[in-house]
Amino acid sequence: MLFLHGKSTSGPNFAERLRPFTDTLPPGTPLSFPTSPRGLEWWTLPPGVRSATAEEYPGYDSSEAFVLAQLAERPHSAVLGQSQGAILLLAMLARGKLPGGAGAPNLVLNGVQYPGPFAELLESLNQDPPPEQERYPGRVLLLVGENDGIAPPAGAGRCAAVLGKLVRGGNFEVCGHPGDHGVPVEGEAADAMRRVMCG
């Protein structure tokens, strides 16, 4: 399982935050918490600019290539993305960059925002979605924090509308949780994460 951290943190720090959740996964499950090649972020934004309003993501290409290399190195059953990590997964899914077929990992996205630089692509896919057989075959779970002040639920709702058209029927799920921007490590949302990541 691959875990992609959010902005202003690292892989080891993210691993420590998620320990209450990962300790409940089946014993011996290989877990990977890499740090972005750009350090504590997957792309660089000017002060005060958010991923939802940015016109470009400087460094995105190198981060996408890094994640693809991680996935190519060995099979992963699931990938969890938090904040910038979740936006990265959404963009890669929309761009058709994630492994497909039997090797498609299940995805969990938490704290996602509608990605400004890819808004036109997502809108076009929303208006003209791919046929069912070309949609992502893995399971996808979108977690939405009801009190998320960094990535408000309205933005996650826009992402959900597109994801519902990019993922094969029955494989997409939205789960709200009473938390804020952090990944929920207990409760119904954590149960949903386990079902998707271990299923």
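Going by full-length UniProt numbering, the sequence shown wraps up at 199, each residue one higher than the last. Every residue gets a Cβ at the ideal spot worked out from N, C-alpha and C, and that includes glycine. Just so we're clear, the structure is a prediction, and the values are computed from it rather than from any experiment.
- CA-CA distance, K97 to V167, rounds to 14 Å.
- In this structure C159 is in contact with V112, their Cβ atoms being roughly 5 Å apart against a cut-off of 8 Å.
- Two segments are said to touch when three or more pairs of C-beta atoms, one from each, lie closer than 8 Å; by this definition the region 103-112 touches the region 65-82.
- Cα atoms of A15 and G85: separation of roughly 14 Å, rounded to the nearest angstrom.
- Using a C-beta cut-off of 8 Å, the region 170-189 makes contact with the region 143-150, since at least three inter-stretch Cβ pairs fall below that distance.
- In the three-state reduction of the DSSP assignment, V162 falls in the helix class, which pools H, G and I.
- A distance below 7 Å between beta-carbons, with the five flanking residues on each side excluded, links G6 to the following residues of its chain, in chain order: Q82, S83, Q84, G85, G111.
- V196: not part of any beta strand (DSSP E); member of the alpha helix (DSSP H) spanning 187-198, first to last residue.
- CA-to-CA, the gap between E120 and S62 works out to about 21 Å.
- Residue burial is scored here from C-beta neighbours: E134 has fewer than 16 other C-beta atoms within 10 angstroms and is therefore classed as exposed.
- L122 has its alpha-carbon roughly 17 Å from the corresponding atom of E64.
- A189 and G59 have their C-alpha atoms spaced approximately 31 Å apart.
- Per DSSP, the unbroken beta strand (DSSP E) holding Q82 starts and ends at 78-82.
- Apart from sequence neighbours up to five positions away, the residues of its chain that approach R38 with a beta-carbon distance below 8 Å are T44, G59, S62, S63, ordered along the chain.
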